[in-house]
Amino acid sequence: MKRYELIVIGAGPAGLSAAVEAANAGMSVAVFDENARPGGQLFKQIHKFFGSKEHQAKIRGFRIGQQLLKQAEESGVEVHLNSVVMGIFDLGEITVQHGDGVCHYKGDSILIATGACENMVPFDGWTLPGVMGAGAAQTMMNLHGVQPGSRVLMVGSGNVGLVVSFQLLQAGVEVAAVIDAAPQIGGYGVHAAKLARIGVPFYLSHTIVKAEGTDHVTGAVIAQVDESFRPIAGTEKHLDVDTVCIAVGLSPMSQLARMAGCEMTEKGGAVPVVDEYGQTSIPGLFVAGDVGGIEEASSAMIGGRIAGAAAARRSGYLPEEEFREKASALKASLGQLHEGMFSPKNKGRRDLTVTDEGYLLSKTLLHHGYLSEEEVAGFPGAAPGKSAGIHPVIECTQNIPCNPCQDACRFGCIRVGDHMTALPAVAENARCVGCGMCVASCPGQAIFLVNDEEEAGTATVTLPYEFLPVPEKGAKGVALGRDGRVVCPAEVVEAKTAGFMDGTVLLTMRVPLEMSMKARFFKTGEGTK
Amino acid sequence: MSRLLDRNREIGAFVPQQDDDLIICRCEEITKGEIRRAVHEGMWTLTEVKRFLRAGMGLCQGQTCGRLVKGIVAKELGVRPSELEDTTARCPTRPVEMQVFGNEVHGHE
Amino acid sequence: MSKNGEVIIIGGGVIGCAAAYYLAKQGVSVLVLEERMIGHGGSSRNGGGVRQSARDVRELPIAMYGIKNLWPTLSEELGVDVEYHQDGNLRLAKTEKHIDILQNLVDNSRKSGLEVTMISGGQARELCPYMSEEVIAASWCPTDGHANPMLTTLAYYRKARMMGVHFITGEKVVKLKKAKGRIRKVLTQSGNVYEADTVILAAGFPSRAIANTVGIDIPMFKELNECLVTEMQPPMFWQMLGTAEADFYGHQTKHGSFVFGGSSGMEYYYRNQADFAHETSITPASVCRGIMKYFPALSGAKIIRNWAGWIDVCADRVPVIGRVEEVPGLILACGFSGHGFGIAPAVGQILMEIVLEKPVCVDISPLKYDRFHAKA
Amino acid sequence: MRIQKHPILDRIQKGRQVTFSLDGKPMQGYEGEPIAAALLAAGVRVHRYTTKARQPRGIFCAIGRCTDCVMVVDGKPNVRTCVTPLKEGMRVQTQVGISAKKESDDHETI
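Chains as they are written, first to last, in the working numbering: chain A, 1 to 529; chain B, 1001 to 1109; chain C, 2001 to 2376; chain D, 3001 to 3110.
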């Protein structure tokens, strides 16, 4: 029987990272994945990742996937695609279906990195074609280039719901609304703000009552819920949609761990009990990534590297001391991602009212998806008088683990500090040359350049723009406020991009002077709202 | 080890609910009402519910409804979902044709 | 002295649940203690055969009694469709040796009054057109059939519970204790002590260790048994199938899926003897190859699940049923050796009759616990 | 509908265009893309009708897990169309229960 020193199940971010780490240490490694393409969910992630430079922040998920694949190839990892791991057995054996046959393999160590699957919520009509997981919609549009529908209701305002809604808009699909049964938005405020300023409405404390249609979805009914999440009669609202996307969380796909007989525990679903390096109760059987507890891709990659290193230590490829050094560095890096109000330990908390620094959290952001102008002014990235002339306005008001803006400004205008989750602050007397690097680097698209041209009575606002068609210089239209409503006429004065911006266009529009802190998006043509 | 369950514990009578006709197991078309009723008929473990109704016994092997069934059973029993033992995970993880399953070949290359 | 019912049944499998039901029907108060959950063991992990053919003549009367008197009305009686089908059993032969084995079984069964005959491959294909040309003969017993073992077990449990039988699951029995020369106490891992005048031990293989605690041994071992189930298929045939060498068996269920069991020939050497019966990496593939030789039409059917369970195999491959004279009050019902499901209703009734000291419906004396002897 | 040009992904790479059939009608798609993607692009949303209630089902998880999108492909029922690559000449049929929809059920079929 063919034997590898490490068998990795799942070629997603965790699995590939583990494989690369182990192979670089000298192990013979094979990765099996049931999909036709490697990368797991990475190739569906077309947004820029959060984090710091070492976490590959501001790089789009699919690019990180490409890098990982290249690394896997260079390190000699065998990646077997279209290979379904059917079962896991005694003594480190797996059976793999590939094509029209089944192979048996053994691994000295096995790493399960099968990721997660989407949770579902049942409602009247939820079996109709057109109701699908948000991830399913993402797969269809970002992997296969097919729109999942023409008008979508997004159920769930966690990061998946928010990110996929934005991606739907990028794919040319309308988003009728984002709803959530919870009284506040679950995902990052910056993700919500991207949708709100384009005009996507948020309905919090709302649930879907019904998907309408006989053969497929032709509409949806939503309603407000009471404190026990029951719909309140009389609050029903009909939405014209042909697609309903469900984004109500993820569950670990831990069947193989259970099949192997791992001791299990509960962590948003059944997950194996693991030691600090991802080893389960069965010696030599590791898990990494979402299968061990839902997080995000950046954490999964670090977790994978830790487990890969632990497997290498187990097989004698990594001396104890070297392993400990490596593991502690990786854990420190993981620790950085685990800080702040969205850290795993704060999961599901709704009682936070202030940031780590003591700033009052924006209620409008939590309840409507955007910051009010008054609230923006209270944060260190946008305080009035921080800078004269052209200057960045950073509308980043929650402690999320991310700091590329700090590195983006070569004049040191922007400071996050040692704690990646701290709010970015714009320095007093900052010397801003208006290069726009900060705007392009912000994965949350939360930085704007504002230039008040007092003599002319106008101002320019530069915003990140990731839609087609890109308005050309001279294009006339309207500026939309943070809430997506038309605030004033606007004209495009510049649309620039560069390779390193990877698809982000810096769109500069001219607006009346008094609108510089209100106008946050540009829409071609005469908006009539 | 299984949790100690006295099957005589009073869990109240079955009370019909408005959404009892919601499909929960999409493969086998098993409704919420059927699951709730099974609990009142003594099916107190997820495995018993599955064997009694076929919920989770279809083509996807409960990968979609497992979590939902668990929530419904837990609520009916007045326990936390995490207190319920999952049904057994078995090979194969995906449906495999008999002629493929029986065709054991050696090595990928 | 405290008491937890007139009878304690150890084991919430199909035997225990059936016995509980028939006892409750007679007004006896019963407590059932189950280590895991209802129908956890072999009761839910078998091919569902309800057959008389190829039975050892010592247990054949029990099978015949159940098929004649209990199975036909069981669904109605229990209020749950247990999916009983009486469409016959074909036991298939591919070689002359197979024919000899089957002929011998047929001859013995006929002596006990069972209507079973040898038929040709062609006749077999008339009954079941999907069968390949490799089948050259078969034994045919038209009164055999199959049922859904999971539903049957749970239906007995459900009905017994409705009738007031007390079930406690997750309660592992570790010890029996006598008092004043009779069975009296049942001690569990959780520290609970239950008492009754009569204890029925129907716990599959673990029965051996439990019986040991009152000095009784039943010569049996546990053997891994594996089954597989396909996706739903269009209705094809309703007979129960088996082979001369018993290396594969199965049927199509009411749902449409096929359930097949079988062996790889390596069962005896299975190294993992842990409590949890894990399916092996080799048997299902071997069973698939077996099935396709007999039923090529099924080669495209998808397998959606394998499962495994332990069989409590007695030294002479028939169960131990009856009172233990050395331990008054203790009744054994274990060692069913992989063919207990089909006779479960009848055994349930028999256990009731033993408890109530009624005349037993069939002669069970060949199944007593102290029948085992070394060769002369 | 297919996304012609995407702001981030530009043009999504596809295999060669192939012809397949749905319930006897000729359809276009790209080789190697999931059958489900080709159908969705053509506006087909119903993949099957269930066994018991004859309710319509379509794409749901799109990763081969939920088995809701199964259809009869080249005569085989229960084929997960979201993970089965499209090939030239494939015969795809709406599944009813576990059988192919009868052509006579389809009034549009010529």
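Built from N, CA and C at the ideal position, the CB exists for glycine as well. It should be emphasised that the depicted structure is a prediction, and the values quoted were computed from it without experimental measurement.
Comparing alpha carbon positions, the residue from C:2232, C:2128 and C:2346 closest to residue 2255 of chain C is C:2232.
When 7 Å is used as the limit between beta carbons, residue 2171 of chain C is near no residue of chain D, the shortest such separation being about 36 Å.
In this structure, the alpha-carbon of residue 246 of chain A lies about 42 Å from that of residue 2146 of chain C. Contact residues of the region 1083-1094 of chain B toward chain C are 1090, 1091 and 1092 (C-beta to C-beta distance below 7 Å). For residue 2187 of chain C, the enclosing beta strand (DSSP E) has its first and last residue at 2182-2188.
Under the Cβ distance rule, residue 1031 of chain B does not count among the residues neighbouring chain D, no pair being separated by less than 7 Å. The region 3006-3021 of chain D makes contact with the region 164-178 of chain A; the number of CB pairs closer than 8 Å reaches 3 or more. With its beta carbon at least 7 Å from every one in chain C, residue 1080 of chain B lies outside the interface.
For the 7 Å CB-CB criterion, residue 44 of chain A and residue 114 of chain A do not form a contact.
Restricting attention to alpha helix (DSSP H) runs no shorter than 4 residues, the region 10-88 of chain A encloses them at 13-24 and 61-74, ordered along the chain. Of all residues in the region 2268-2297 of chain C, only 2279, 2284, 2285, 2288, 2289, 2291 and 2292 come within less than 7 Å of chain B when Cβ atoms are compared, listed by chain position.
The Cβ neighbour count for residue 2276 of chain C, taken over all protein chains shown within 10 Å, is under 16; the residue is labelled exposed. In the three-state reduction of the DSSP assignment, residue 3004 of chain D falls in the coil class. Per DSSP, residue 2312 of chain C lies in no alpha helix (DSSP H) segment; the continuous beta strand (DSSP E) that holds it begins and ends at 2302-2314. At a cut-off of 7 Å between C-beta atoms, residue 1026 of chain B counts as an interface residue with respect to chain D. Per DSSP, reduced to three states, the secondary structure at residue 1026 of chain B is coil, with no helix or strand assignment. Taking C-beta separations shorter than 7 Å and ignoring five residues to either side along the sequence, the partners of residue 299 of chain A in its chain run 334 and 337, following chain order.
In the DSSP secondary-structure assignment, residue 438 of chain A is not bridged to any residue.
No Cβ of chain D is located within less than 7 Å of the beta carbon of residue 264 of chain A.
Residue pairing by DSSP places residue 2120 of chain C opposite C:2137 in a beta bridge. One Cα belongs to residue 233 of chain A, the other to residue 210 of chain A, and the distance between them is close to 13 Å. Within chain D, the residues 3056 have their CB atoms less than 7 Å from the CB of residue 128 of chain A, given in chain order. If you check the CB distance, residue 148 of chain A and residue 243 of chain A come in under 7 Å. With 16 or more other Cβ atoms from the protein chains shown falling within 10 Å of its own Cβ, residue 1048 of chain B counts as buried.
Inter-residue distance for residue 1031 of chain B and residue 1023 of chain B is about 4 Å (C-alpha atoms, whole angstroms). Under a 10 Å Cβ-count criterion, residue 472 of chain A is classified as exposed, with fewer than 16 other Cβ atoms of the shown protein chains found around its own Cβ. Among the CB atoms of chain B, one or more fall inside 7 Å of the CB of residue 2037 of chain C. From the listed residues A:134, A:65 and A:28, the smallest Cα separation to residue 3061 of chain D is found for A:134.
Per DSSP, the continuous alpha helix (DSSP H) segment holding residue 2352 of chain C begins and ends at 2344-2355. Residue contact check for residue 90 of chain A against chain C: a CB pair falls below 7 Å. For residue 269 of chain A, the chain B residues whose Cβ falls inside 8 Å of its Cβ are 1067, in order along the chain. Within chain C, the residues whose beta carbon sits less than 8 Å from that of residue 1054 of chain B are 2255, listed in sequence order.
Nearest to residue 193 of chain A by alpha-carbon distance, out of A:515, A:373, A:495 and A:151, is A:373. Residue pairing from DSSP places residue 2085 of chain C in a beta bridge opposite C:2146.
In the DSSP assignment, the residues bridged to residue 2251 of chain C are C:2259.
Residues of chain C with a Cβ closer than 7 Å to the Cβ of residue 102 of chain A are, in chain order, 2285.
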